[in-house]
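Heads up, the thing below is written out as structure tokens.
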Amino acid sequence: MDLSGENNIPTNPKVRKFGVEIRPNPNARRVVSSINKNLVSLHPYPRVVNKRAIPSGDSLKNEVIHRPITRKYAAQIATANQPKKQPDSSSSFTVWEDIPFPSNDEQQHVPMSLELEEQPEATMADEKDNNMEIEMEDIFDETILDIDGPDAKNPLAVSEYVTDLYSHYKRIEKTVSSDYLSIQSDISENMRSILIDWLIEVHHKFDLREETLFLIINVIDRFLSKESVMKKNLQLVGLVAMLLACKYEEVSIPVVDDLIFISDKAYTRKDILQMEKLMLNKLQFNMSVPTAYVFIKRFLKAAESDKKLEFMSLYLTELSLVNYKMLKFSPSFLAAAAIYTAQCTLYGVKQWNKTCEWYSSYSEDQLLECSKLIVGFHQNASTGKLTGVYRKYSMSRFGYAAKSEPALFLLMDE
Numbered sequence: 142m143d144l145s146g147e148n149n150i151p152t153n154p155k156v157r158k159f160g161v162e163i164r165p166n167p168n169a170r171r172v173v174s175s176i177n178k179n180l181v182s183l184h185p186y187p188r189v190v191n192k193r194a195i196p197s198g199d200s201l202k203n204e205v206i207h208r209p210i211t212r213k214y215a216a217q218i219a220t221a222n223q224p225k226k227q228p229d230s231s232s233s234f235t236v237w238e239d240i241p242f243p244s245n246d247e248q249q250h251v252p253m254s255l256e257l258e259e260q261p262e263a264t265m266a267d268e269k270d271n272n273m274e275i276e277m278e279d280i281f282d283e284t285i286l287d288i289d290g291p292d293a294k295n296p297l298a299v300s301e302y303v304t305d306l307y308s309h310y311k312r313i314e315k316t317v318s319s320d321y322l323s324i325q326s327d328i329s330e331n332m333r334s335i336l337i338d339w340l341i342e343v344h345h346k347f348d349l350r351e352e353t354l355f356l357i358i359n360v361i362d363r364f365l366s367k368e369s370v371m372k373k374n375l376q377l378v379g380l381v382a383m384l385l386a387c388k389y390e391e392v393s394i395p396v397v398d399d400l401i402f403i404s405d406k407a408y409t410r411k412d413i414l415q416m417e418k419l420m421l422n423k424l425q426f427n428m429s430v431p432t433a434y435v436f437i438k439r440f441l442k443a444a445e446s447d448k449k450l451e452f453m454s455l456y457l458t459e460l461s462l463v464n465y466k467m468l469k470f471s472p473s474f475l476a477a478a479a480i481y482t483a484q485c486t487l488y489g490v491k492q493w494n495k496t497c498e499w500y501s502s503y504s505e506d507q508l509l510e511c512s513k514l515i516v517g518f519h520q521n522a523s524t525g526k527l528t529g530v531y532r533k534y535s536m537s538r539f540g541y542a543a544k545s546e547p548a549l550f551l552l553m554d555e
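Heads up: the sequence shown begins at 142 in my numbering, then just goes up one per residue.
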């Protein structure tokens, strides 16, 4: 539609005639001409012609204005012929342009280089997103901490060869047969659990070291796996195991008379000394064995633990020591599973970082089976007759660890 003719000028008196109010400005035309020359020199690409009516007195002259083809301008060309509504306000003034769309013969294909000219911003945005993803991965990429570095100046930490020590412990640690009670004709699993639960309370009353308790239970299991014992002598085995462990670990040890007293005089001094000789010979005087406590101290250091996590880990480990079925797990594995379960219990989420995995050599997937069993023991710790561990860790001395809710979400993860 050509609006430059007189017949096509709207007859509405409220609409002003095109060119009546506007007068030509020669200076403006020269400025537009110079701009067009610059545009032509900067863009040596095919152009389309846009004929805009420029008034000059009573007559209209056509001046050719060159514009480069861009995606935005192509969209304008596509929508140019759509009808537009004039505003209702009489004070507004609208200039209508008729931009002819080129015919099929006049259409030219836009060079590929011209198409790519409009893409740098999107490309840069994509590259920025990719770089951001890489940077975020670097941020959340876990690093393995050197847990022995801070102790380099502490001679008691033996940081120079502590790694070799624990590698040696892993090589020599032994798992007591989980079916050794099959050779015992007069002792059952429940009897063993009752004995160990009672010894945990005795150990607490005597205020002995934690490593002593773990060695007591190790000595009992190793001896019972080698020697058949009558039911009436099972408590005697426990008392002598405590005596031997105290001689190995403690500075001040209970005397034989103390053992006779706590057994309610069920055994004589002669009985205790004879059993001590028998047990040492059966164990070949080997008391230097890595127990779960040895690995707990190391793995807690890798977990950057506090007292709360330490008490919870010991609580869950001692619950496991009472149960005969946990003998199938090696001491280092039990220690790692107890710490992993303690972290889940305290923090409410699965937590086993790269540092813990590196120093324990166990992954989270490997620990899940054992961890689920420990959660079951935690869930039932306050019920039944074997509540010695629960009562011990319900005290303020151990941070009320037994009062914590078990990590039941681990049981639902199948």
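Just so you know, even glycine gets a beta-carbon here, dropped at the ideal spot from N, CA and C.
Note that the coordinates shown come from a computational prediction; the quantities given were computed from them, not determined experimentally.
Please identify the residue among the options whose C-alpha is closest to the C-alpha of residue i.
| i | options | result |
| --- | --- | --- |
| S502 | A476, Q484 and S369 | A476 |
| L460 | T482, C387 and A443 | T482 |
| K311 | E505, A433, E352 and F355 | A433 |
| S326 | H344, K315 and L375 | L375 |
| A407 | K388, Y389, L424 and G379 | G379 |
| K98 | A543, S329 and I328 | No answer is possible for residue 98: it lies beyond the span of the chain, which begins at 142 and ends at 555. |
| F474 | P431, K423 and T524 | P431 |
| D405 | L384, L377 and M428 | L377 |
| L549 | Y500, W493, M332 and Q484 | Q484 |
| E351 | F364, V435 and N427 | V435 |
| M416 | Y389, Y302, H309 and V360 | V360 |
Excluding the 5 residues preceding and the 5 following residue i in the sequence, name in chain order all residues of the same chain whose CB lies nearer than 6 Å to its CB.
| i | result |
| --- | --- |
| S545 | T486 |
With residue i and residue j assumed to form a contact (beta carbons below 8 Å), what rounded beta-carbon distance in angstroms separates them?
| i | j | result |
| --- | --- | --- |
| I413 | A386 | In fact, because the Cβ distance is near 14 Å, the residues do not count as touching under 8 Å. |
| L100 | D362 | The chain is shown only over 142 to 555; residue 100 falls outside these bounds and no answer can be derived. |
| G529 | W339 | 7 Å |
| S523 | Y534 | Actually they are not in contact, since the Cβ atoms of S523 and Y534 sit about 11 Å apart, beyond 8 Å. |
| S454 | L441 | 6 Å |
| A444 | I480 | 6 Å |
Rounded to whole angstroms, what's the CA-CA distance from residue i to residue j? Just pull it up for me.
| i | j | result |
| --- | --- | --- |
| S537 | D447 | 16 Å |
| P547 | K418 | 43 Å |
| K466 | S319 | 7 Å |
| A382 | T284 | 43 Å |
| S471 | Y321 | 15 Å |
| V516 | N422 | 38 Å |
| E505 | D399 | 44 Å |
| T601 | I437 | In the structure as shown, the chain begins at 142 and stops at 555. Residue 601 is therefore absent and cannot be evaluated. |
| H345 | M420 | 24 Å |
| A478 | N494 | 13 Å |
| K373 | P291 | 52 Å |
| L286 | T496 | 6 Å |
If you drop the 5 nearest sequence neighbours on each side, which residues of the same chain put their C-beta closer than 7 Å to that of residue i?
| i | result |
| --- | --- |
| Y307 | R439 |
| T371 | As written in the sequence, residue 371 is Met, which differs from the Thr given in the question. Closer than 7 Å at the Cβ level, and outside the excluded window around M371, lie D327. |
| I403 | V343 |
| L556 | Examination of residue 556 is not possible in this model, given that the chain is present from 142 through 555 alone. |
| S366 | V317, S318 and Y321 |
| E314 | P431, S471, P472 and S473 |
Short of 8 Å in beta carbon distance, which residues of its chain neighbour residue i, apart from the five on each side in sequence? Order them along the chain.
| i | result |
| --- | --- |
| S94 | Coverage of the chain is limited to positions 142 through 555, which leaves residue 94 absent and any answer about it impossible. |
| L552 | K513, V516 and G517 |
| L457 | A479, T482, A483, T486, I515, F518 and H519 |
| S300 | D289, G290, D292 and A293 |
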